[in-house]
Amino acid sequence: MLKFMISIIDYGAGNLKSVSKALEKLGMNAVITSSFKEINKSKAMILPGVGSFGDCMNSLKSKDLDQCIIENVQNGKYLLGICLGLQLLYEKSYEEGVWAGLGLLKGEVLKFDPSNKIPHMGWNNLTKGKEDILSHNIEDGEYVYFVHSYYAKPENIEDVVFWTEYGVKVPAVVREKNIIGMQFHPEKSGPTGFKLLKNFGELIK
Amino acid sequence: MLTKRIIPCLDVDNGRVVKGKKFHNIQDVSDPVQLAKMYSEAGADELVFYDITASNEERDIFINIVEKTAYEVYIPFTVGGGIRSVDDFNKVLRAGADKVSVNSAAVKNPHIITEAALKFGNQCVVLSIDAKKVGINWHVFINGGRVDTGLDAIEWAIRGEQLGAGELVLNSIDADGVKEGYDIELNRMIAEKVNIPIIASGGAGKKEDFLDVFKNGKVDAALAASVFHFGEIDILELKKYLKDHDIPMRV
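Chains as they are written, first to last, in the numbering used here: chain A, 702 to 906; chain B, 81 to 331.
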């Protein structure tokens, strides 16, 4: 078991256990927490997300967790946003209104065109963007599990580590320095998901 | 490209997997957690667990199985059966399920779909419809296929999407357990009218049935139980066969 600890930020959203169990299986030490103290002393943060963008931002704000996350990121701590957690990293979302996100990455979050079935649900394949430690050991064309109705449109497309395609090009993995996002659920994506989490573990070591 | 999905379904009674024929003659198959793990390693894209138990005591055993599965299986799984309230949704989601399917309770109280969708997101609300042909239309049946509600299945599917369901499971009572293929017409008619993913259920007997329902039923996923439980169809072989016939598959 690696000595450092990852804090999975608990702000009342959905199923956090799957992520922590997957990390545990990979020999990483994770704690589900909303305590500033624990988050501050952890080596890296994971921001999960289930539900709607506005609800998630409101929950984070009501506990001042948005500021806690931003400060830790500014101090260089790694942050991984999963699913809606990736979307929360951006400046703005158009999910049922217009919402400000954490603004850690430049770009906005848009709804899929209804010419596709919504949600984008199921296994879709990855196409490589920029070379990164996160893509180590992962081939073009490997599949991961997506469930989402909105997608991020980043300003800096050179931050995209993996793309997928669903009517439009969708960023599946993004990374700008210590800020990382995965639009799919690595903890539900079988062996490929585990490889990505393992690479994340290597990165934050 | 988004792939089509193959979904083994595990009916769980008192901690064991069973498979009935036309909802009767229940036979014991195996340990649910082991079976789930085996399917996930064999290439299943998702799993569905149906709780067919009645008592509260057995309900706790079922929740325990969901928790154990979440620890052993790293693909998405849906839990259904006995879901009557938003609190029931919460319980199985907290136990580690990714999606929850609701059937009879949604017919009796359609608002449960909207409430659950607002609270947990559309993506985890699956509306499961038991449909049977009555005359020239399909009616929605509830209580394990015993009660005809008189509701038109196609209209109910459309309404389900409007209420906030993120996915539909269409169980054909006529086709269930007979192994003569999925109800292509039912699936296609609904697939053409809604914009959420559809899972066909009931009737799989051979590989060709899956190909038929993807090609002609226009569904996104196909669910089956006994053909997998009894080893009549190997999941990996099935997926290779479908891929060779131009159905996008994760192999």
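We put the CB at the ideal spot given by N, CA and C, even for glycine.
8 Å contact criterion, which residue i and residue j should meet: CB distance rounded
{"i": "residue 891 (chain A)", "j": "residue 155 (chain B)", "result": "6 Å"}
{"i": "residue 206 (chain B)", "j": "residue 245 (chain B)", "result": "7 Å"}
{"i": "residue 856 (chain A)", "j": "residue 778 (chain A)", "result": "Their Cβ separation, rounded to whole angstroms, is 23 Å, which puts residue 856 (chain A) and residue 778 (chain A) out of contact at 8 Å."}
{"i": "residue 255 (chain B)", "j": "residue 209 (chain B)", "result": "At roughly 13 Å, the Cβ-Cβ gap does not stay under 8 Å, so residue 255 (chain B) and residue 209 (chain B) are not in contact."}
{"i": "residue 854 (chain A)", "j": "residue 811 (chain A)", "result": "6 Å"}
{"i": "residue 163 (chain B)", "j": "residue 180 (chain B)", "result": "6 Å"}
{"i": "residue 896 (chain A)", "j": "residue 839 (chain A)", "result": "6 Å"}
{"i": "residue 240 (chain B)", "j": "residue 268 (chain B)", "result": "Not really, about 17 Å apart at Cβ, beyond 8 Å."}
Reference residue i, options the options, closest by Cα
{"i": "residue 751 (chain A)", "options": "A:799, A:788 and A:896", "result": "A:788"}
{"i": "residue 135 (chain B)", "options": "B:317, B:94 and B:127", "result": "B:94"}
{"i": "residue 717 (chain A)", "options": "B:142, B:128 and B:150", "result": "B:150"}
{"i": "residue 204 (chain B)", "options": "B:267, B:126 and B:247", "result": "B:247"}
{"i": "residue 825 (chain A)", "options": "A:870, A:860, A:793 and A:791", "result": "A:870"}
{"i": "residue 675 (chain A)", "options": "A:900, A:818, A:855 and A:848", "result": "Residue coverage of chain A in this structure runs from 702 to 906, which leaves residue 675 (chain A) outside it and unanswerable."}
{"i": "residue 304 (chain B)", "options": "B:288, B:284 and B:254", "result": "B:284"}
{"i": "residue 697 (chain A)", "options": "A:799, A:808, A:785 and A:806", "result": "For residue 697 (chain A) there is no data in the structure shown, the boundaries of chain A being 702 and 906."}
{"i": "residue 133 (chain B)", "options": "B:224, B:301 and B:86", "result": "B:224"}
{"i": "residue 734 (chain A)", "options": "A:882, A:888, A:748 and A:828", "result": "A:748"}
{"i": "residue 85 (chain B)", "options": "B:258, B:98 and B:249", "result": "B:249"}
{"i": "residue 153 (chain B)", "options": "B:119, B:139, B:243 and B:322", "result": "B:119"}
{"i": "residue 794 (chain A)", "options": "A:851, A:894, A:705 and A:889", "result": "A:851"}
{"i": "residue 157 (chain B)", "options": "B:164, B:167, B:166 and B:146", "result": "B:146"}
{"i": "residue 649 (chain A)", "options": "A:790, A:813 and A:868", "result": "Here chain A comprises residues numbered 702 to 906, so residue 649 (chain A) is not present and cannot be evaluated."}
{"i": "residue 877 (chain A)", "options": "A:863, A:889, A:868 and A:885", "result": "A:863"}
{"i": "residue 144 (chain B)", "options": "B:296, B:259, B:281 and B:177", "result": "B:177"}
{"i": "residue 114 (chain B)", "options": "B:130, B:96, B:125 and B:126", "result": "B:96"}
{"i": "residue 202 (chain B)", "options": "B:175, B:275, B:300 and B:92", "result": "B:275"}
{"i": "residue 227 (chain B)", "options": "B:172, B:211, B:88 and B:99", "result": "B:211"}
{"i": "residue 738 (chain A)", "options": "A:730, A:756, A:770 and A:757", "result": "A:770"}
{"i": "residue 759 (chain A)", "options": "A:889, A:713 and A:846", "result": "A:713"}
{"i": "residue 173 (chain B)", "options": "B:195, B:190 and B:200", "result": "B:200"}
{"i": "residue 231 (chain B)", "options": "B:242, B:188 and B:141", "result": "B:188"}
{"i": "residue 867 (chain A)", "options": "A:860, A:833 and A:814", "result": "A:814"}
Partner residues on chain B for residue i, Cβ-Cβ distance less than 7 Å
{"i": "residue 826 (chain A)", "result": "81"}
{"i": "residue 889 (chain A)", "result": "154, 155, 156 and 178"}
{"i": "residue 848 (chain A)", "result": "203"}
{"i": "residue 804 (chain A)", "result": "Under the 7 Å cutoff, chain B gives no residues; its nearest Cβ is about 23 Å from residue 804 (chain A)."}
{"i": "residue 813 (chain A)", "result": "In chain order: nothing, as chain B lies at least about 10 Å away."}
Amino acids of chain B, ordered along the chain, whose beta-carbon sits closer than 8 Å to that of residue i
{"i": "residue 696 (chain A)", "result": "Look at the range of chain A in this structure, 702 to 906, and you will see that residue 696 (chain A) is not part of it."}
{"i": "residue 693 (chain A)", "result": "Within the shown structure, residues of chain A are numbered from 702 to 906, placing residue 693 (chain A) beyond reach of any answer."}
{"i": "residue 728 (chain A)", "result": "The contacting residues do not exist; residue 728 (chain A) stays about 15 Å from chain B at best."}
Proximal chain A residues relative to residue i, where beta-carbon distance stays under 9 Å
{"i": "residue 150 (chain B)", "result": "716, 718, 719 and 722"}
{"i": "residue 314 (chain B)", "result": "Within chain A, no residue comes near residue 314 (chain B); the closest Cβ sits about 18 Å away, beyond 9 Å."}
Contact list for residue i against chain B, beta-carbon separation under 9 Å
{"i": "residue 762 (chain A)", "result": "Neighbours of residue 762 (chain A) on chain B: none; closest Cβ ~19 Å, over 9 Å."}
{"i": "residue 895 (chain A)", "result": "154"}
Partner residues on chain A for residue i, Cβ-Cβ distance less than 7 Å
{"i": "residue 330 (chain B)", "result": "824 and 844"}
Interface partners of residue i on chain A, CB under 8 Å
{"i": "residue 85 (chain B)", "result": "823 and 824"}
Neighbour flag for residue i against chain D, beta carbons, 8 Å
{"i": "residue 125 (chain B)", "result": "The question asks about chain D, but that chain is absent: this structure's protein chains are A and B."}
**OP:** Would you list, in sequence order, the uninterrupted beta strand (DSSP E) runs of no fewer than 3 residues that lie entirely inside the region 236 to 319 of chain B?
**Re:** 247 to 252, 278 to 281 and 301 to 304
Original post:
Relative to chain B, which residues along the region 851 to 883 of chain A have a C-beta separation below 9 Å, given in chain order?
Top reply: 865, 866 and 867
**OP:** For the region 155 to 177 of chain B, enumerate the residues whose C-beta is nearer than 8 Å to any C-beta of chain A, in chain order.
**Re:** 155, 156, 173, 174, 176 and 177
Original post:
Name the residues in the region 755 to 787 of chain A whose C-beta lies less than 7 Å from a C-beta of chain B; which are they?
Top reply: none
Original post:
Residues in the region 218 to 251 of chain B with C-beta within 9 Å of chain A's C-beta atoms, listed in sequence order?
Top reply: 246 and 247
**OP:** Let me know the beta strand (DSSP E) ranges lying completely inside the region 808 to 895 of chain A, each 3 residues or longer, listed in chain order.
**Re:** 808 to 812, 821 to 826, 844 to 849, 851 to 855, 861 to 867, 869 to 877 and 880 to 883
Subject >> Residues of the region 179 to 203 of chain B with Cβ closer than 9 Å to any Cβ of chain A, in chain order >> reply: 179, 198, 199, 200, 201, 202 and 203
Original post:
Going along the chain, which unbroken runs of the alpha helix (DSSP H) with 4 or more residues stay wholly within the region 146 to 182 of chain B?
Top reply: 166 to 174
Original post:
Looking at chain A, which residues of the region 289 to 314 of chain B have a Cβ within less than 8 Å of any of its Cβ atoms?
Top reply: 300 and 301
**OP:** Enumerate, from N- to C-terminal direction, the unbroken beta strand (DSSP E) stretches of 3 or more residues contained entirely within the region 738 to 816 of chain A.
**Re:** 745 to 748, 779 to 783 and 808 to 812
Original post:
Along the chain, which unbroken stretches of the beta strand (DSSP E) at least 3 residues long are found entirely within the region 201 to 227 of chain B?
Top reply: 205 to 214 and 217 to 222
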